[in-house]
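Protein chains in written order, with the numbering used here: chain A, 233 to 295; chain B, 3 to 297.
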């Protein structure tokens, strides 16, 4: 069964736009608090789980 | 008619046997009251089939025995019927039962009709030969013996249950020392610490280790726990989905759950009483190679 990563990762939230190049919607936050708020809202809207790859990068994933 | 009393006693005993085994307990199946009526009716039919078998043989109506074969075919349909009903409502469940648990429930409902046949057959058969009271006693004894034989093991029989705390290491949630999942949002992390519960299940032997490793068994544990304690979850909150994860070094499993009733002692009781599914049972120690490989 092939899994297309683009269909699984719904969005990315980051404070550093150099870390993510595209393919999915990317939201740039000014700081950690804004990252938390953005990722929380996106998680609810997209019905996904907010996973943390690095301190600066959250991905919203559909399971 | 000379066989009337044994047949009536057999039908009554078989139906009562089915009634006793028919309980709408916390597992929510069958649904009250329509499911009750359906299963009771099937139980009465099963009792009638069992009750007439011996009198038919006594009257040398040997073709009547073929009814037993036809009845067995019909009761297999019951298993399919239950399986389809439960599968259809799976998509509406906040926490699903899983295929294994559904199959186990379907098999149990089929088997309970066979118990009704057996009890009715015993009561009518012994009543033909001896006094009807002896027949009833034989039926009661037979019911107790069969019930004991098919009694399912529960999780408390195969595993040691321990309370365990939830903790975050960065974005990683742990129950005890078992990794559960990664979740980066701090607000959600705080909510999970505030309302979540954790449990460790340590297998008592290699068979138990494989049983607890089975996805179907783990899904059954999660389903039963959330049915009793409620689930603090909605459609758009996948991070609150209860999970069981396995420690690959020891084979123990850890349960993470966000219940409406945050009572760890009740959670322990509920998980202890979860049935061990037939299709999930580990068989490592049943073979010579498995026993030799065991620690």
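Just so you know, even glycine gets a beta-carbon here, dropped at the ideal spot from N, CA and C. As the structure is a prediction and not an experimental result, all values here were calculated from the model.
Using DSSP bridges, identify the partner residues of residue 246/A.
-> Translated into positions along the first chain, residue 246/A becomes position 14. Answer by DSSP bridge pairing, in chain order: 260/A, 289/A.
Return helix, strand or coil for residue 174/B, following the three-state DSSP convention.
-> Taking the second chain and counting its residues from 1, one reaches residue 174/B at position 172. Look at residue 174/B here: in three-state DSSP terms it is strand.
Based on Cα-Cα distance, which residue from 284/A, 270/A, 281/A, 242/A lies nearest to residue 254/A?
-> For this step, residue 254/A is matched to residue 22 along the first chain. With distances taken between CA atoms, residue 254/A lies nearest to 242/A out of 284/A, 270/A, 281/A, 242/A.
Taking buried to mean at least 16 other C-beta atoms within 10 Å of its own C-beta, is residue 250/B buried or exposed?
-> On the second chain, position 248 is the one that residue 250/B refers to. Exposed, by the Cβ-count rule.
Should residue 176/B go down as buried or exposed, given a rule of 16 or more other Cβ atoms within 10 Å for buried?
-> The count along the second chain starts at 1 and reaches residue 176/B at position 174. It is buried - the Cβ of residue 176/B has at least 16 other Cβ atoms within 10 Å.
When you compare only the Cα positions, how much space is there between residue 293/B and residue 87/B?
-> Locating residue 293/B in the second chain gives position 291, where the first residue counts as 1. Locating residue 87/B in the second chain gives position 85, where the first residue counts as 1. Residue 293/B and residue 87/B: Cα-Cα distance of roughly 40 angstroms.
For residue 123/B, name the three-state secondary structure that DSSP assigns.
-> As a first step, residue 123/B is located in the second chain; it is residue number 121 there, counting from the start. Reduced to three states, the DSSP call for residue 123/B is helix.
If you run the structure through DSSP and keep just helix, strand and coil, what is residue 257/B?
-> Here residue 257/B is taken as the residue at index 255 of the second chain, counted from 1. If DSSP states are grouped into helix, strand and coil, residue 257/B belongs with the strands.
Span of the beta strand (DSSP E), counted from its first residue to its last, around residue 271/B = Position 269 of the second chain holds residue 271/B. No beta strand (DSSP E) contains residue 271/B, which is instead part of the alpha helix (DSSP H) from 266–274.
Does the segment 177–191 of chain B come close enough to the segment 216–233 of chain B to have 3 or more Cβ pairs within less than 8 angstroms?
-> In short, these stretches do not touch, since the Cβ pair count stays below three.
So is residue 237/B in contact with chain A if we call contact Cβ pairs under 8 angstroms?
-> Within the second chain, the letter at position 235 stands for residue 237/B. Judged by the 8 angstroms Cβ criterion, residue 237/B is in contact with chain A.
Are residue 273/B and residue 217/B touching if we call contact CB-CB under 8 angstroms?
-> Mapped onto the second chain, residue 273/B falls at position 271. Mapped onto the second chain, residue 217/B falls at position 215. No, these two residues do not count as a Cβ contact at 8 angstroms.
Find out if the Cβ-Cβ distance for the pair residue 106/B, residue 280/B is shorter than 8 angstroms.
-> Working through the second chain from its first residue, we reach residue 106/B at position 104. Working through the second chain from its first residue, we reach residue 280/B at position 278. Yes, the Cβ-Cβ distance between residue 106/B and residue 280/B is below 8 angstroms.
Paired residues, beta bridge with residue 277/B - DSSP = Counting from one through the second chain, the residue named residue 277/B turns up at place 275. Listed as beta-bridge partners of residue 277/B by DSSP are 156/B.
Give every residue of the same chain whose Cβ lies closer than 6 angstroms to the Cβ of residue 283/B, excluding the five residues on either side of it in the sequence, and list them in chain order.
-> Within the second chain, numbered from 1, the residue matching residue 283/B stands at position 281. Excluding positions up to five away in sequence, the list reads 213.
Which one or two residues does DSSP pair with residue 162/B in a beta bridge?
-> Within the second chain, the letter at position 160 stands for residue 162/B. Answer is 204/B, bridged to residue 162/B.
Taking the beta strand (DSSP E) that residue 251/B falls in, what are its first and last residues?
-> What you label residue 251/B is simply residue 249 of the second chain in a count that begins at 1. From DSSP, residue 251/B is part of no beta strand (DSSP E); its letter is neither H nor E.
Chain A contact for residue 221/B (CB, 8 angstroms cutoff) = As a working note, residue 221/B is residue 219 in the second chain. Contacts with chain A at 8 angstroms (Cβ-Cβ) do not include residue 221/B.
Residue 189/B: contacting residues in chain A (beta-carbon distance under 7 angstroms) = As a first step, residue 189/B is located in the second chain; it is residue number 187 there, counting from the start. Residues of chain A with a Cβ closer than 7 angstroms to the Cβ of residue 189/B are, in chain order, 268, 272.
Is residue 4/B buried or exposed, if buried means 16 or more other CB atoms sit within 10 Å of its CB?
-> Position 2 of the second chain holds residue 4/B. Residue 4/B sits exposed, since fewer than 16 C-beta atoms from the chains shown fall within 10 Å of its C-beta.
Three-pair Cβ contact test at 8 angstroms for the segment 121–140 of chain B versus the segment 6–14 of chain B = Counting C-beta pairs closer than 8 angstroms gives three or more between the segment 121–140 of chain B and the segment 6–14 of chain B, which meets the contact rule.
Looking only at its own chain, which residues have a Cβ that is under 7 angstroms from the Cβ of residue 166/B, when we skip the five neighbours before and after it?
-> Taking the first residue of the second chain as 1, we reach residue 166/B at position 164. The beta carbon of residue 166/B sits closer than 7 angstroms to the beta carbons of 177, 178, 200, 201, 202, 256 from its chain, once the five residues preceding and following it are set aside; these are given in chain order.
Helix, strand or coil: which one does DSSP assign to residue 117/B?
-> Against the second chain, residue 117/B aligns to sequence position 115. Under the three-state reduction of DSSP, residue 117/B is assigned to helix.
Helix, strand or coil at residue 364/A [DSSP, three-state] | There is no way to answer for residue 364/A, as the model of chain A reaches only from 233 to 295.
Report the residues of the segment 149–162 of chain B with a CB closer than 9 angstroms to any CB of chain A, ordered along the chain.
-> Of all residues in the segment 149–162 of chain B, none has a Cβ within less than 9 angstroms of some Cβ in chain A.
As assigned by DSSP and simplified to three states, the class of residue 97/B | Sequence index remark: in the second chain, residue 97/B carries index 95 (1-based). DSSP, reduced to helix, strand and coil, places residue 97/B outside both helices and strands of the structure shown, so it counts as coil.
Cut-off 7 angstroms between Cβ atoms - residues of its own chain near residue 44/B, not counting five sequence neighbours on either side | Position 42 of the second chain, counted from the first residue, corresponds to residue 44/B. Counting only Cβ-Cβ distances below 7 angstroms, and skipping sequence neighbours, we find 80, 115.
Residue 185/B touches chain A at which residues, Cβ-Cβ below 7 angstroms?
-> Stepping through the second chain from its first residue, residue 185/B is reached at position 183. From the beta-carbon of residue 185/B, the residues of chain A found nearer than 7 angstroms are 281, 282, 283.
Between which two residues does the beta strand (DSSP E) containing residue 50/B stretch?
-> In the second chain, the residue the question calls residue 50/B occupies position 48. DSSP places residue 50/B in no beta strand (DSSP E) but in the uninterrupted alpha helix (DSSP H) bounded by 36–60.
Note down the Cα distance separating residue 58/B from residue 260/B, rounded to an integer number of angstroms.
-> Position 56 of the second chain, counted from the start, is the residue given in the question as residue 58/B. Position 258 of the second chain, counted from the start, is the residue given in the question as residue 260/B. In this structure, the straight-line span from the alpha carbon of residue 58/B to that of residue 260/B is close to 58 angstroms.
Grab the span of the alpha helix (DSSP H) containing residue 217/B for me, first residue to last.
-> For the purposes of this step, residue 217/B is identified with residue 215 of the second chain, where counting begins at 1. Counting along the chain, the alpha helix (DSSP H) containing residue 217/B begins and ends at 217–231.
Inter-residue spacing [alpha-carbon to alpha-carbon] between residue 159/B and residue 24/B | Residue numbering aside, residue 159/B sits at position 157 when the second chain is read from its first letter. Residue numbering aside, residue 24/B sits at position 22 when the second chain is read from its first letter. If you take the alpha carbons of residue 159/B and residue 24/B, they lie about 24 angstroms apart.
Simplified DSSP state of residue 252/A, which is helix, strand or coil = For the purposes of this step, residue 252/A is identified with residue 20 of the first chain, where counting begins at 1. Per DSSP, reduced to three states, the secondary structure at residue 252/A is coil, with no helix or strand assignment.
Hey, would you say residue 15/B sits closer than 8 angstroms to residue 48/B, going by beta carbons?
-> Counting from 1 along the second chain, the entry for residue 15/B is found at position 13. Counting from 1 along the second chain, the entry for residue 48/B is found at position 46. For residue 15/B and residue 48/B, no; Cβs fall outside 8 angstroms.
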